[in-house]
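Single-structure report; data block below.
This is how it looks when you write it as structure tokens:
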């Protein structure tokens with residue numbers, strides 16, 4: 034019988050800490066699974082929308098995440114209509130599904146200028162597009178990307194709930210809520 | 034200069050066909066990326082929800098997907114309140130993001146009985162749980178899973194829109210809509 038490869042999954046505290054550690058790795062290691070979470074939002078018509086984003090910041094103390102985006106993107110319009118997001122990561126190395134609920138603040142203009150100033154030149158080209166992202170164009174490459182600080186926005190995600198599912202010999206699922214001071218509870222997987 | 038590894042990304046038809054081929058692989062190859070898409074729904078409170086699911090069926094002709102679920106799961110309750118789903122796959126091998134919009138029909142009871150009858154015994158244990166999935170429990174393993182045909186449901190997803198993003202030397206994005214007979218159009222990435 035082999036040793037349990039994920040002993041942290043046996044306790045609420047261990048699971049919770051592991052999830053934040055894996056998210057943190059996503060910011061600093063471009064090969065980590067949590068580098069590219071799926072961000073789900075709700076459109077003005079009430080439809081779910083989901084797309085890959087790049088995780089740019091994680092702070093466990095305040096339970097916040099940061100994602101950068103073009104201010105003209107559909108996700109910004111959706112978040113202006115409904116400021117709620119879900120973040121999803123399936124970390125295959127940890128056999129861990131991380132699901133977050135969050136309330137999103139959109140920072141742009143002077144509020145995002147300090148971060149813009151720190152971006153390397155090649156990192157800026159994702160922000161600023163003509164026509165806007167998602168606009169129909171006659172041919173595939175009929176667009177240009179020109180770095181534009183006024184098109185740069187930071188999504189600040191204040192996490193309100195963390196739902197974790199570990200798949201092992203036994204499956205374990207737990208939920209942690211900001212409103213309960215992050216005290217966790219076990220759920221049926 | 035190396036040859037373009039993904040020449041299919043240069044045409045609308047090529048992109049569209051590649052997306053359905055990748056989805057089809059998900060059904061038949063347990064190691065394919067599309068085996069485990071993220072399914073996003075909207076809760077009764079209007080919040081986005083996202084989780085990993087297993088892709089069980091894909092039919093390009095009718096543009097439908099199939100996913101199995103426990104009838105007591107939160108996603109079923111959410112889909113009863115709002116029958117719209119988004120499906121998300123990031124296929125790293127193809128450098129392709131697949132985003133689908135779909136309307137969902139929940140099949141259970143007699144409508145799912147024929148599929149249930151074909152499930153292997155070990156495949157049935159995911160459907161039927163006491164307490165229900167997502168219910169709080171005092172300890173992690175205070176639950177039992179007992180195969181229960183009345184807890185088995187098929188989510189039939191009628192795809193209404195396909196949004197594809199290919200990341201290459203040049204990025205290309207295209208959208209295909211059922212309402213337009215699946216004729217595609219290029220979008221700004």
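Residue numbers (my numbering), protein chains in the order written: chain A, 34 to 222; chain B, 34 to 222. Just so you know, even glycine gets a beta-carbon here, dropped at the ideal spot from N, CA and C.
According to the Cβ coordinates, are residue i and residue j closer than 8 Å?
| i | j | result |
| --- | --- | --- |
| residue 73(A) | residue 55(A) | no |
| residue 135(A) | residue 118(A) | yes |
| residue 189(B) | residue 103(B) | no |
| residue 111(B) | residue 76(B) | yes |
| residue 164(A) | residue 218(B) | no |
| residue 84(A) | residue 132(B) | yes |
| residue 199(A) | residue 42(A) | yes |
| residue 152(A) | residue 203(B) | no |
Using alpha carbons as the reference points, say which of the options lies closest to residue i.
| i | options | result |
| --- | --- | --- |
| residue 183(A) | 82(A), 131(A), 158(A), 70(A) | 158(A) |
| residue 140(A) | 85(A), 133(A), 149(A) | 149(A) |
| residue 50(B) | 93(B), 84(B), 63(B), 113(B) | 93(B) |
| residue 177(A) | 171(B), 198(B), 205(B) | 205(B) |
| residue 216(A) | 47(A), 170(A), 106(A), 162(A) | 47(A) |
| residue 95(B) | 197(B), 221(B), 199(B), 210(B) | 210(B) |
| residue 154(B) | 62(B), 161(B), 180(B), 37(B) | 180(B) |
| residue 80(A) | 44(A), 59(A), 193(A), 114(A) | 114(A) |
| residue 191(B) | 97(B), 172(B), 185(B) | 97(B) |
| residue 195(B) | 220(B), 175(B), 172(B) | 220(B) |
| residue 143(B) | 132(B), 165(B), 185(B), 152(B) | 185(B) |
| residue 60(B) | 86(B), 38(B), 37(B) | 86(B) |
| residue 171(B) | 44(A), 151(A), 39(A) | 44(A) |
| residue 156(B) | 38(B), 109(B), 101(B), 62(B) | 101(B) |
| residue 160(A) | 62(A), 37(A), 109(A), 38(A) | 109(A) |
| residue 125(B) | 52(B), 78(B), 193(B) | 52(B) |
Which residues in the same chain have their Cβ closer than 6 Å to the Cβ of residue i, if we skip the five residues on either side of it in sequence?
| i | result |
| --- | --- |
| residue 123(A) | 130 |
| residue 137(A) | 112, 116, 118, 188, 190 |
| residue 147(A) | none |
To the nearest whole angstrom, what separates the beta carbons of residue i and residue j, a pair I think is in contact under 8 Å?
| i | j | result |
| --- | --- | --- |
| residue 187(B) | residue 99(B) | 6 Å |
| residue 121(B) | residue 201(B) | Not really, about 20 Å apart at Cβ, beyond 8 Å. |
| residue 70(A) | residue 88(A) | 6 Å |
| residue 222(A) | residue 222(B) | 37 Å between Cβ atoms; not a contact. |
| residue 197(A) | residue 207(A) | 5 Å |
Whose C-beta lies closer than 7 Å to the C-beta of residue i among residues of the same chain, with five residues either side of it excluded?
| i | result |
| --- | --- |
| residue 57(A) | 91 |
| residue 37(A) | none |
Looking only at its chain, what residues have a beta carbon closer than 8 Å to the beta carbon of residue i, apart from the 5 residues adjacent to it on each side?
| i | result |
| --- | --- |
| residue 40(B) | 47 |
| residue 78(B) | none |
| residue 62(B) | 68 |
| residue 214(A) | none |
Discussion item. Using a Cβ-Cβ cutoff of 7 Å, what residues of the region 186–213 of chain A are near chain B? List them in chain order.
Written reply: 203, 205
Practice prompt. Anything in the region 36–50 of chain B with a Cβ closer than 8 Å to a Cβ of chain A? List those residues in chain order, please.
Written response: 43
Item to complete: Determine which residues of the region 72–96 of chain B have a Cβ less than 8 Å from any Cβ of chain A, and write them out in chain order.
Response: 73, 74, 75, 79, 80, 81, 82, 83, 84, 85
Discussion item. What are the residues in the region 125–155 of chain B lying within 7 Å of chain A by C-beta distance?
Written reply: 130, 132, 134
Fill in: Residues in the region 156–188 of chain B having any Cβ partner in chain A nearer than 9 Å
162, 163, 164, 165, 166, 167, 168, 169, 170, 171, 172, 173, 174, 175, 176, 178
Fill in: Interface residues of the region 108–120 of chain B facing chain A [CB-CB below 7 Å]
115, 117, 118, 119
Discussion item. At a CB distance below 9 Å, what residues from the region 49–69 of chain B approach chain A? Give them in sequence order.
Written reply: 69
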